[in-house]
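*Asks:* First the structure, then my questions, so here it is.
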Amino acid sequence: MFRKTPRSLQLIPTMSPPTRLAMLTLLSASATLYFIYKSRNRHRLLLTRLLKEPFIQSSSPSSSKRGKLFFLSQTNTSKTLARRLHGLLTLNDLPFDFVDPKDYEPEDLCKESLVVIVASTWEDGGPPQNGSFLVNWLTESADDFRVGALVLKDCKYAVFGVGSRSYVETYNDVARGVSEKLRKLGATEIVELGEGDTDEGDLDEVFDAWSDKVVGVLKGLVGENRGHFENGGIGSQIEGEVEFSDSDEEDDLESGVVDLEDIAGKGPSRKSKIGTIANGKVNGEVVNGEKEMVTPVIRASLQKQGYKIIGSHSGVKLCRWTKSQLRGRGGCYKHSFYGIESHRCMEATPSLACANKCVFCWRHHTNPVGKSWRWKMDDPLVIVDTAIDLHTKMIRQMKGVPGVKAERLSEGLLPRHCALSLVGEPIMYPEINALVDELHRRRISTFLVTNAQFPERIKMLKPITQLYVSVDAATKDSLKAIDRPLFGDFWERFVDSLKALREKQQRTVYRLTLVKGWNTEDIDAYSSLFDLGNPDFIEIKGVTYCGSSATSKLTMENVPWHSDVKKFSEALAQKSNGAYEVACEHEHSCCVLLGKVSKFKIDGEWFTWIDYDKFHDLVACGEPFTSEDYMSCTPSWAVYGAEEGGFDPDQSRFKKERHHKSAAEKLA
């Protein structure tokens, strides 16, 4: 029996001599690569030789004589890491250009000999803005047969990814994709893909270890086998062949390192007592089964912003309205809408973590994120006691501040309200009910805000004074764009959270944050959500601009005027067909309140305020009660349309003197 000659070989005699030579060369190269793939030792030898070859392999004048270090960064995390690596490379006499990819022509990659990339993953698993053109070019080129699989054959590369493991489906998608596309275009990976998790707290350590590996390879020190090579630096060549014995293989397994081609048939040695250790984890789990939510980096960042950290996952902070009312200069909108005494209000949270990364986050995403509780848990009694202690210490520090009234200072040392809305998602804390009980036992009222991603937690929540659900958008697409949720089923969770609110007998609130250009045109869609949760109140507030941030695209142009909020609120109330009316406003906070007419408007008067003593008595008796059992009459100055605009006339209003020049004066 004769084997049929492949058609490609049958055509060779009919080709022209140059074409025939090219075809034979291609076939020969294919056969060589096939046998290299089949031979483990030869594969290692080839890789080692590639690593030891000089960076500049082409003598073409257009070839780059320096390596290129790219950073794909949105929040400057990757840029900072890349700059640190650049300094390390420079110290080791390894010349690299520090390159922002938005200023680079991707087609010049074919001229490069060495490329190192530090890449972040951004919204929906996509690249940061400065790297989108480069990533798109790589993707299109790798999928275009006309480009060819050897266009980057003279280029060596290394990639490190920066991402958040909380986004399970898209974790480090950009770095993984860039590495894959470079490989498909013929480039050679000199160090395996490094991956850092911004939520783990060990990003710096992981990156530094990877950077040392890169420098070691570039200087000709290849892992434990460096004794086989001359330490002649970048340009040194391998002399003779390198043998890899079976003992090398065993050593790799003992250390938990497995070659890529062995994964299908081998794993870490059973002799290892604790399994594979990566990024401080064993087999994907935290070594001790617990970890601190607040890492040293997060702690330092939050403390710099004025937070007092409690234990490992809670915090407390003095609100500016607390300071304001201590000086008799007015309280926040909660004072106007619900009778909260701002100088006796403690702003705290038992969970600094959140399941969203909202574009308007006023904490600039310095807090951790997560979809479930996976951290060490502190005792609720300790959290409450420590929060009150830290809060009162901050109140005492206000003594002597100009304008602070002695009577208000004395009252402030005995907090009567707790706003569980400081930052993060308080309802994530597993012992939230026990914590609420501790606050109520001290006759401290509770206002809790949840981001509508944990419907089951809402259902199991005990009665609190007032429960908020953030309704940041009214459609699935706009909610995804604004909240940037971690959950893939975020919309279903959002809807179920609103439905869970409907079952509550105590006071419930939809909180709407208006962001001009993002969610201010969805009045019909918002009104369609009313029946889902049937809330007692709807708070509508203009977004607060908190300065520039790489994590947010917002500017002052996105902040609505109070007149805009009023117009939106009136239109939304009209859509309810009389179920809701505009009840109160607080002009200073750019905030308006809609109230449910059938429950809180009696004989033409609004009863949006709260009888806090009555509430605590109802909680203490243990019998069922409703929001109507502890409502109180709203003062005239807080009612919508009042001349005071929601400002308490018993307070002294201070207006700052502003000396900004008008447009005409600037032109003069």
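Here the working numbering is used: position 667 in the sequence shown is 660, and no number is missing along the way.
Built from N, CA and C at the ideal position, the CB exists for glycine as well.
1. Helix or strand or just coil, what does DSSP make of N85?
2. List, from N- to C-terminal side, the alpha helix (DSSP H) runs of 4 residues or more that fit wholly inside the stretch 531 to 590.
3. Where DSSP assigns a beta bridge to T315, which residues make up the other side?
4. Going by other Cβ atoms of all chains shown within 10 Å of its Cβ, with 16 needed for buried, is A112 buried or exposed?
5. Kindly list the residues whose CB is nearer than 8 Å to the CB of K455, restricted to its own chain and excluding five residues on each side of it in sequence; keep chain order.
6. Put H672 into one of helix, strand or coil per three-state DSSP.
7. Could you give the distance in angstroms between the alpha-carbon of K206 and the alpha-carbon of G363?
8. Pick helix, strand or coil for R59, following the three-state DSSP scheme.
9. Work out the CA separation of K592 and V171 for me, nearest whole Å.
10. Nearest CA to the CA of E98: which residue from G119, S125, G80?
11. Rounded to whole angstroms, what is the Cα-Cα separation between F330 and L586?
12. Measuring only the C-alpha atoms, how far is R322 from G396?
13. Whose C-alpha, out of N69, D117, T132, is nearest the C-alpha of E100?
14. With DSSP as the reference, label K173 as helix, strand or coil.
15. How would you call Q298, buried or exposed, if buried means at least 16 neighbouring beta carbons within 10 angstroms?
16. So which of V290, K560, N349, K473 has the shortest CA-CA distance to P419?
17. For Y519, list the residues DSSP reports as bridge partners.
18. Would you report the Cα separation of R500 and Y160, rounded to the nearest angstrom?
19. For the beta strand (DSSP E) holding C338, just list the boundary residues, first then last.
20. Is F487 closer than 8 Å to I533 when the C-beta atoms are compared?
21. Going straight from the alpha carbon of R495 to that of K469, what length do you get?
22. Pick helix, strand or coil for D643, following the three-state DSSP scheme.
23. Rounded to whole angstroms, what is the Cα-Cα separation between T619 and F608?
24. In whole angstroms, give me the CA-to-CA distance for D557 and Y623.
25. For E580, which residues from the same chain have a beta carbon less than 8 Å from its beta carbon, with the 5 sequence-adjacent residues on both sides left out?
26. How would you write the range of the alpha helix (DSSP H) that F440 sits in, first residue to last?
27. Counting only C-beta atoms, is G634 closer than 8 Å to chain D at any point?
28. Do V155 and V184 have their beta-carbon atoms positioned less than 8 Å apart in this structure?
29. Which same chain residues end up closer than 8 Å to V502 when comparing Cβ atoms and leaving out the 5 residues on each side of it in sequence?
30. Who are the near neighbours of D192 in its chain, counting only those whose CB is closer than 8 Å to its CB and skipping five residues on each side?
31. Within 10 angstroms of its Cβ, does N551 collect 16 or more other Cβ (buried), or is it exposed?
32. Which class does F608 belong to by DSSP, given the choice of helix, strand or coil?
33. Just list the residues that DSSP pairs M624 with in beta bridges.
34. Taking F483 as the reference, which of F440, A346, P448, I516 has the closest Cα?
*Replies:* With the structure as the only source:
1. It is coil, neither helix nor strand.
2. Counting only unbroken stretches of 4 or more residues, the alpha helix (DSSP H) elements lying wholly within the stretch 531 to 590 are 555 to 568, in sequence order.
3. Beta-bridge pairing by DSSP links T315 to no other residue.
4. Per the 10 Å Cβ criterion, buried.
5. N426, V429, D430.
6. Here the chain has residues from -6 to 661 only, and residue 672 is not among them.
7. The straight-line gap from Cα to Cα measures roughly 30 Å.
8. Coil at R59, not helix or strand.
9. For V171 and K592, the distance between alpha carbons rounds to 58 Å.
10. Of the residues G119, S125, G80, the one whose Cα lies closest to the Cα of E98 is S125.
11. C-alpha separation (whole angstroms): 7 Å.
12. Rounded to whole angstroms, the gap between the alpha carbons of R322 and G396 is 9 Å.
13. The option with the nearest alpha carbon to E100 is T132.
14. Sequence inspection shows Glu at residue 173; the Lys mentioned does not correspond to that position. E173: helix per DSSP, three-state reduction.
15. Around the C-beta of Q298, fewer than 16 other C-beta atoms lie within 10 Å, and the residue is accordingly described as exposed.
16. Comparing Cα positions, the closest option is N349.
17. Residue pairing by DSSP places Y519 opposite no residue, since no beta bridge is assigned to it.
18. Straight through space, the alpha carbons of Y160 and R500 are spaced by roughly 34 Å.
19. Counted as a single uninterrupted DSSP element, the beta strand (DSSP E) harbouring C338 occupies residues 338 to 342.
20. No, the Cβ-Cβ distance between I533 and F487 is not below 8 Å.
21. When rounded, the distance between both Cα atoms is 20 Å.
22. In the structure shown, D643 sits in coil (DSSP, three-state: anything other than H, G, I, E or B).
23. Each residue's CA atom was taken as its position, placing T619 and F608 some 10 Å apart.
24. Each residue's Cα considered, the two are about 32 Å apart.
25. Counting only Cβ-Cβ distances below 8 Å, and skipping sequence neighbours, we find H555, G638, G639, F640.
26. That residue, F440, is in no alpha helix (DSSP H); its beta strand (DSSP E) goes 438 to 443.
27. Reference to chain D is not applicable here, since this structure consists of a single protein chain.
28. For V184 and V155, no; Cβs fall outside 8 Å.
29. Excluding sequence neighbours, V502 sits near Q459, L460, Y461, V462, P528, D529, F530, I531, E532.
30. Taken in chain order, the residues that qualify are S157, R158, S159, P361, V362, G363.
31. When all chains shown are included, N551 counts as buried.
32. In the structure shown, F608 sits in a helix (DSSP, three-state: H, G or I).
33. Under DSSP, M624 forms a beta bridge with I603.
34. If we check each option's Cα against that of F483, P448 comes out closest.
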